[in-house]
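Asker: Dropping a structure here in structure tokens format, bear with me for questions.
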């Protein structure tokens, strides 16, 4: 599969359930979509995730700390405090920005993601494997009235997939 960068069609279909978040349960914004994917698909994307993270760390690509092993909020707080102290000692201006993305994984443009992967120097075979995950991807959503017909996933990544947060970090990397 890796060599041909192809996966079976049945792996690309998932079922999505909407888990409640805080707030009015009748508002869709207060629901968190989680894809229940084929087990073989999840194993395959776990291998892709592992390879992507290994390459990213060897190439020192990640500046983001989220979703990564041995990186946490405490480490980021330390980095912010260090930047504040450094600015105070040197008399330089310091600009900081906090961004809370809404529906972050849903908004990724898949073609732009592939361009970012190429621009950051990821191996072509890895990019092709990632590129072939989404063209046939679809999901059904469980509602109180039953399942919807399959819906093509044309933007974003699969909710609940281990690869999704890593791809989001990579997608945002040029902005950091």
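In UniProt numbering, the protein residues as written are 1 to 176.
Don't be surprised by glycine CBs; every beta carbon is placed ideally from N, CA and C.
Bear in mind that the values here come from a model prediction, so they are computed numbers and not experimental data.
Sorted by chain position, which residues of the same chain lie with C-beta nearer than 6 Å to residue 131's C-beta, five sequence neighbours on each side aside?
Answerer: Answer for residue 131: 114, listed in chain order.
Asker: Considering Cα atoms alone, identify which of 26, 40, 156 and 7 is closest to residue 112.
Answerer: Checking every option, the nearest Cα to that of residue 112 belongs to 156.
Asker: What is the DSSP secondary structure of residue 141, counted as helix, strand or coil?
Answerer: Residue 141: strand per DSSP, three-state reduction.
Asker: Using a Cβ-Cβ cut-off of 7 Å (strictly less than) and excluding sequence neighbours within five positions of residue 100, which residues of its own chain qualify?
Answerer: So the list is empty, once near-sequence residues are dropped.
Asker: Does residue 130 come out as helix, strand or coil in the three-state DSSP assignment?
Answerer: Correct three-state label for residue 130: helix.
Asker: With distances taken Cα to Cα, identify the nearest neighbour of residue 7 among 86, 171, 48 and 36.
Answerer: Comparing Cα positions, the closest option is 48.
Asker: Look at the alpha carbon of residue 13 and the alpha carbon of residue 82, and state the distance between them as a whole number of angstroms.
Answerer: Rounded to whole angstroms, residue 13 to residue 82 spans 46 Å at the Cα level.
Asker: Buried or exposed: where does residue 129 fall if 16 or more other Cβ atoms within 10 Å of its Cβ makes it buried?
Answerer: Under this definition residue 129 is a buried residue.
Asker: From which residue to which residue does the beta strand (DSSP E) around residue 16 run?
Answerer: That run of the beta strand (DSSP E) goes 13-20.
Asker: Does DSSP put residue 31 in a helix, a strand or coil?
Answerer: It is a strand residue.
Asker: Please identify the residue among 161, 133, 2 and 166 whose C-alpha is closest to the C-alpha of residue 154.
Answerer: Checking every option, the nearest Cα to that of residue 154 belongs to 133.
Asker: Given a cut-off of 7 Å, decide if residue 18 and residue 31 are closer than it, judged by their beta-carbon atoms.
Answerer: Yes, Cβ-Cβ distance for residue 31 and residue 18 is below 7 Å.
Asker: Please look up how many angstroms separate the CB atoms of residue 3 and residue 16, rounded, as I've assumed it's under 8 Å.
Answerer: 31 Å between Cβ atoms; not a contact.
Asker: Our contact map puts residue 40 next to residue 108 with C-beta atoms below 8 Å; I'd like the distance itself, whole angstroms only.
Answerer: The Cβ separation is near 24 Å, so there is no contact.
Asker: If you reduce the DSSP assignment to three classes, tell me which class residue 3 lands in.
Answerer: Three-state DSSP puts residue 3 in coil, outside helix and strand.
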